[in-house]
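A short worksheet on the structure shown next.
Below is the structure:
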């Protein structure tokens, strides 16, 4: 669609517009509003197509071509390689454990916050801190942890000099795949507070009062009413935290130079200077990650639908 | 609801159309050249004669006004001083140094993805394995002192030429490690617990892979069989001595990575040579026995946006002054033998760095790809 054709055939395009309006039939009651929506949506659509859809399709599609550009399914063999399977297992385990830890700790923080004033200083402060800390990731976070619990970290040295206890006695605590759980949980907890707090606040005081009037104890209220109501929101948040950890790259890259999780494996395939001609395998690994994320997001949307019932 | 979706679909289609037409228009910035050599001629020049001598080359490069170099860290082989020296000598040419910590593969990726744009790299400093796969990206050019580069250090047509090599060395913090290591197997001792690191993942970085090759040479392996090197690191890991942090000047200064196996010029650059930024206790030792080296290569991008400046850079790199700068960093420059013969070598520096070893092992492209196969299969299992 070039400007030239539009300029050259003004009547034709106008005719097309008219006929398309007509063909929409009687159902198109408010054509003016629709065209406004059309215009308003275009910048966002362009953004999504340019920076999300096209790169994603190109990345995944690259997995189905050989170095010479011919279509092939041979790259999929990478998904059966034991190292790659280990990377996927590592990614899944680290993400799942840090998500559950983050969710439980975060939910406890939310529970504790329920007792404070909604507009009070404490809750505002924790809200603000969570917004900042949930975004505190990447290389900065990695270095913060190296300075804290690395071999020369100040906590490490303090424990060693004061109590003679070496947290790195059984190998590095931080510089291996399970060690990632520590920094990942660090940014998962504030994210949990941000996403779960609204659900907690959604618990209506009247429910508690109604239960109390009918003779329920506080324990009954929590186990029979509050927890079932919160379960979908909680599980949804766990999935969100999982996705957050699963796609995290920079923190891991700074801590582990030897791989062990999928994003690092993708980097390895793309930038290797010792093993040439494996860049297309990265597309297959991206496909694997995408499949997992689609599954997660499918369950997330199911849960959101259930959770929304109570938030109306 | 359904109609909204149709509208959304239309909006997407419109967006795609807008995006695609936007991409197809290409801006070509024409620059007026005061020199007699046009850009197209410069891109085909194979020696300084095509510019009518050095002054013609300088005039053509000045007309271009910039030079894009890529993956040259300031502390690597003295590139900080080398770049500063070029800008001082040719003040009309501004150097843009992109992605200093990238790999050779990143250089090729940048050349391909930025092709035709003014930000594409003009020159490469590139590892042999990646170079061999991408010879079609390189322009042919022979520097003035072409005969100073030994015949087996260059492509006969000038597609590529060796620039410098270090030797694999062990750098250590002498305040932590009191006795100087004398063999690679010393690193298995319990005093090295949690201390030994290499420069990244050997399936990714040539320098890290070279640490594995060095370990192979010190454990009964050879350039044709690097398996003993992988086995060595497996043992190092099982003893708890392997530290998988990526070492940098910062981790070396803080004591996080007290022992690093890497190129001699990089270990030297992190020690007292770095002045107040370095670690004064950092010592470098090239282990006795078979040494391991690996020349990097210079090459010009065939689609260089500044073809004359690229050629001027190569002339500059192979001038004795810059070859001596490589030497001062602990790297052995390609023209060292000729410089020793004609007396242009900086004798004090050479005495400090030590004479170039008579022979050292360097993996051929075939040996490197064989080693890569072993690393792909065995490395992750050995250390993860």
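Chains as they are written, first to last, in UniProt numbering: chain A, 1 to 312; chain B, 1 to 384.
We treat Cβ as the ideally placed atom computed from N, Cα and C, and that holds for glycine.
Bear in mind the structure is a predicted one, so any value in this text is a computation, not a measurement.
Buried/exposed call for residue i, threshold 16 Cβ in 10 Å
i	result
residue 148 of chain B	buried
residue 106 of chain B	buried
residue 191 of chain A	buried
residue 39 of chain A	exposed
residue 140 of chain A	exposed
residue 52 of chain A	exposed
residue 95 of chain A	buried
residue 104 of chain B	buried
residue 49 of chain B	exposed
residue 310 of chain B	buried
residue 207 of chain B	buried
residue 224 of chain B	exposed
residue 300 of chain B	buried
residue 161 of chain A	exposed
Close beta carbons around residue i, own chain, < 8 Å, minus the five adjacent residues each side
i	result
residue 327 of chain B	333, 336, 345, 346, 349, 350, 353
residue 234 of chain A	103, 107, 196, 199
residue 177 of chain B	191, 192, 195, 258, 259
6 Å CB neighbourhood of residue i in its chain, flanking five on each side removed
i	result
residue 123 of chain A	113, 116
residue 267 of chain B	169, 171, 284
residue 261 of chain B	170, 198, 211
residue 208 of chain A	221
residue 216 of chain B	226, 228, 229
residue 203 of chain A	226
residue 86 of chain B	316
residue 293 of chain B	165, 167, 360, 362
residue 290 of chain B	217, 361
Own chain partners of residue i with C-beta closer than 7 Å, once the 5 adjacent residues on each side are dropped
i	result
residue 114 of chain B	120
residue 175 of chain A	255, 256
residue 248 of chain A	137, 184
residue 265 of chain A	84, 87, 259, 285
residue 149 of chain A	155, 156, 167, 173, 174
residue 382 of chain B	230, 233, 234, 237
residue 159 of chain B	135, 138, 140, 299
Residue(s) in a DSSP beta bridge with residue i
i	result
residue 167 of chain B	B:293
residue 67 of chain B	B:95
residue 126 of chain B	B:297
Below-8 Å beta-carbon distance, residue i vs any chain A residue
i	result
residue 235 of chain B	no
residue 245 of chain B	yes
residue 144 of chain B	no
residue 203 of chain B	yes
residue 266 of chain B	no
residue 324 of chain B	no
residue 376 of chain B	yes
residue 249 of chain B	no
residue 224 of chain B	no
residue 176 of chain B	no
residue 190 of chain B	no
Neighbour flag for residue i against chain B, beta carbons, 8 Å
i	result
residue 63 of chain A	no
residue 283 of chain A	no
residue 146 of chain A	yes
residue 271 of chain A	yes
residue 175 of chain A	yes
residue 257 of chain A	yes
residue 286 of chain A	no
residue 69 of chain A	no
residue 83 of chain A	yes
residue 268 of chain A	yes
residue 171 of chain A	yes
residue 120 of chain A	no
residue 80 of chain A	no
residue 137 of chain A	no
residue 151 of chain A	yes
residue 275 of chain A	yes
residue 86 of chain A	yes
residue 260 of chain A	yes
residue 168 of chain A	yes
residue 22 of chain A	Any reading at residue 22 of chain A must be qualified, since the residue scores a pLDDT of 39, below 50, and its modelled position is unreliable; the value itself is stated next. Output row for residue 22 of chain A: interface = no.
Contact test: residue i Cβ vs the ligand MN heavy atom, cutoff 7 Å
i	result
residue 143 of chain A	Looking for the ligand MN in the displayed structure turns up nothing, as the structure carries no ligands at all.
In chain order, which continuous runs of the alpha helix (DSSP H) of length 4 or greater are located wholly inside the stretch 154-239 of chain A? Counting only runs of 4 or more, we get 154-163, 181-201, 205-213.
Which runs of the beta strand (DSSP E) fall wholly inside the stretch 235-269 of chain B and span at least 3 residues, in chain order? Listed in chain order, the complete beta strand (DSSP E) runs (minimum 3 residues) inside the stretch 235-269 of chain B are 259-263.
Residue ranges of each beta strand (DSSP E) within the stretch 332-358 of chain B, 3 or longer: Listed in chain order, nothing qualifies, since the stretch 332-358 of chain B has no complete beta strand (DSSP E) run of 3 or more residues.
Going residue by residue through the stretch 72-149 of chain A, where are the continuous alpha helix (DSSP H) segments of at least 4 residues, counting only ones entirely within it? Secondary structure remark: continuous alpha helix (DSSP H) runs of at least 4 residues inside the stretch 72-149 of chain A, in chain order: 82-114, 121-133, 138-149.
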